[in-house]
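When you line the sequence shown up against full-length UniProt numbering, it's residues 1 to 288, in that order.
C-beta atoms are modelled at their ideal positions from N, C-alpha and C, and glycine is treated no differently.
Keep in mind the model is a prediction, meaning the values are calculated, not measured.
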Amino acid sequence: MRIGVDLGGHKIAAGVVEKGKVVNRAWEPTPRSRTPEETTEAVERLVNSLKVKSTGSVGIGLPGMLSLDRRSVVRLTNLPRWENFPMAEILEKKLSLPVTLDNDGNCAALGEMESGEAVGMKNFVMMTLGTGIGGAIVSGGRLIRGHRGLAGEIGHVALLHSAPCNCGGMGHGETLFSADTFDLRCSGKGVPSVPELWDRRNDEEHRDFWNRSLEGLACVIISAIHLLDPEAIVLAGGLSNLRGLVRELQPFLEERLAIAFRPMPPLKISSLGKDGPVIGAASLTSTP
Numbered sequence: 001m002r003i004g005v006d007l008g009g010h011k012i013a014a015g016v017v018e019k020g021k022v023v024n025r026a027w028e029p030t031p032r033s034r035t036p037e038e039t040t041e042a043v044e045r046l047v048n049s050l051k052v053k054s055t056g057s058v059g060i061g062l063p064g065m066l067s068l069d070r071r072s073v074v075r076l077t078n079l080p081r082w083e084n085f086p087m088a089e090i091l092e093k094k095l096s097l098p099v100t101l102d103n104d105g106n107c108a109a110l111g112e113m114e115s116g117e118a119v120g121m122k123n124f125v126m127m128t129l130g131t132g133i134g135g136a137i138v139s140g141g142r143l144i145r146g147h148r149g150l151a152g153e154i155g156h157v158a159l160l161h162s163a164p165c166n167c168g169g170m171g172h173g174e175t176l177f178s179a180d181t182f183d184l185r186c187s188g189k190g191v192p193s194v195p196e197l198w199d200r201r202n203d204e205e206h207r208d209f210w211n212r213s214l215e216g217l218a219c220v221i222i223s224a225i226h227l228l229d230p231e232a233i234v235l236a237g238g239l240s241n242l243r244g245l246v247r248e249l250q251p252f253l254e255e256r257l258a259i260a261f262r263p264m265p266p267l268k269i270s271s272l273g274k275d276g277p278v279i280g281a282a283s284l285t286s287t288p
């Protein structure tokens, strides 16, 4: 029995995966503290609630940077105090099951390859639009991990602006397009939700804000296309479901795309929805 867990900044989802589909699921909000100890306890509760057999395995997708052996967290950009936390070892002792960790963008890509928009694709870029911007690179049908296992951090492409990023850097793409950025805007302007803020994007009060956000996301996407020459860009995560997002992005993309890369590779919205990272995480024990 394969269990996948998607650990996000706002929610933790877990599911039993069979033949590329989630057949049993559970979820709970990420603890308000977001600390490794409380969050690991929440993962333990969710896995136990699924009544996993002793012959099962657990894969966990996390929003950040992991050790090359995928046993420990190096840093989670939007969650505090996770540096060098040995999550796999701790959970294996609690669950008596093998546990493998990976970046949530990699998990989303694996899910799309198994039963989503990237079935049959050998070269594509995955982008998860949520609390931050996650990513993954697939080349020749395999995940590209890099020297330290940190490849694919697309949300931290540096742009020409000076906003500080939670990762410790400055001017990164996800400082312009992320749920955290939009939540702050909602709070400051008295707008009840991000989808409503998006629906008001043509209002004079919000037009410049959204143009800047869309421009930032477009620059990240174009950088990925120029560097990697993918078959497609697959978008997932809650913000990918903003109505008309791809249409609104098109003019920002087309004016920046080099002639040699035209026509523009397709932008595909994940058909797996919230299940994609869970499906991918469940496959981690068999993924190099």
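Compute the beta-carbon to beta-carbon distance between residue i and residue j, rounded to the nearest angstrom, for a pair I have assumed lies under 8 Å.
| i | j | result |
| --- | --- | --- |
| Asp-104 | Leu-68 | With 8 Å as the limit, Asp-104 and Leu-68 do not qualify as a contact, their Cβ atoms being about 17 Å apart. |
| Gly-8 | Gly-155 | About 14 Å separates the two Cβ atoms, so there is no contact after all. |
| Met-264 | Glu-254 | 7 Å |
| Gly-116 | Ser-270 | 6 Å |
| Gly-111 | Gly-280 | 3 Å |
| Ser-178 | Gly-132 | 5 Å |
| Lys-93 | Glu-44 | Wrong, their Cβ atoms sit about 10 Å apart, outside the cutoff. |
How about residue i and residue j: are their beta carbons less than 9 Å apart?
| i | j | result |
| --- | --- | --- |
| Leu-228 | Ile-137 | yes |
| Met-121 | Glu-231 | yes |
| Gly-4 | Leu-284 | yes |
| Arg-34 | Leu-97 | no |
| Leu-160 | Ile-221 | no |
| Thr-30 | Lys-51 | no |
| Leu-150 | Val-73 | no |
| Leu-176 | Arg-212 | yes |
| Thr-128 | Gly-237 | yes |
| Gly-152 | Gly-141 | no |
| residue 312 | Val-22 | Because the chain here runs from 1 to 288, residue 312 falls outside it and cannot be looked at. |
| Arg-2 | Val-16 | yes |
In angstroms with no decimal places, state the Cα-to-Cα distance between residue i and residue j.
| i | j | result |
| --- | --- | --- |
| Arg-71 | Asn-202 | 46 Å |
| Glu-174 | Val-246 | 17 Å |
| Leu-143 | Val-125 | 10 Å |
| Cys-107 | Thr-39 | 19 Å |
| Gly-56 | Ala-109 | 22 Å |
| Leu-46 | Ala-14 | 6 Å |
| Phe-252 | Ile-225 | 14 Å |
| Gly-64 | Val-194 | 23 Å |
| Arg-25 | Ala-282 | 12 Å |
| Leu-66 | Cys-186 | 32 Å |
| Gly-216 | Arg-145 | 24 Å |
| Glu-18 | Ile-233 | 26 Å |
| Glu-204 | Val-278 | 39 Å |
| His-147 | Met-87 | 22 Å |
| Trp-210 | Lys-189 | 14 Å |
| Leu-257 | Asn-123 | 19 Å |
| Leu-272 | Phe-85 | 30 Å |
| Ser-162 | Asp-208 | 17 Å |
What residue from the options has the CA that sits closest to residue i's CA?
| i | options | result |
| --- | --- | --- |
| Trp-198 | Cys-167, Ala-13, Ser-54, Ser-240 | Ser-240 |
| Asp-6 | Asn-78, Leu-101, Leu-91, Glu-89 | Leu-101 |
| Phe-261 | Ala-236, Ser-223, Gly-273, Leu-242 | Ser-223 |
| Met-113 | Asp-208, Phe-85, Ala-26, Ser-139 | Ser-139 |
| Glu-172 | Lys-189, Met-87, Cys-219 | Residue identity check: residue 172 is His in the sequence provided, not Glu. Cα-wise, what sits closest to His-172 is Cys-219. |
| Trp-82 | Arg-2, Pro-36, Ala-42, Asn-123 | Pro-36 |
| Leu-242 | Val-278, Phe-182, Pro-277 | Phe-182 |
| Ala-42 | Leu-91, Gly-190, Ser-54 | Leu-91 |
| Asp-180 | Pro-86, Met-170, Cys-165 | Cys-165 |
| Glu-157 | Lys-53, His-147, Met-170 | Reading off the sequence, residue 157 comes out as Val, not Glu. Val-157 has its Cα closest to that of Met-170, out of Lys-53, His-147, Met-170. |
So what does residue i bridge to, in DSSP terms?
| i | result |
| --- | --- |
| Asn-103 | Leu-62 |
| Val-5 | Ala-14, Ile-60 |
| Lys-268 | Val-234 |
| Thr-128 | Gly-134, Ala-236 |
| Arg-25 | Gly-15 |
| Ala-158 | His-172 |
| Arg-142 | Ser-139 |
| Arg-75 | Met-65 |
| Phe-85 | Val-73 |
| Pro-164 | Met-170 |
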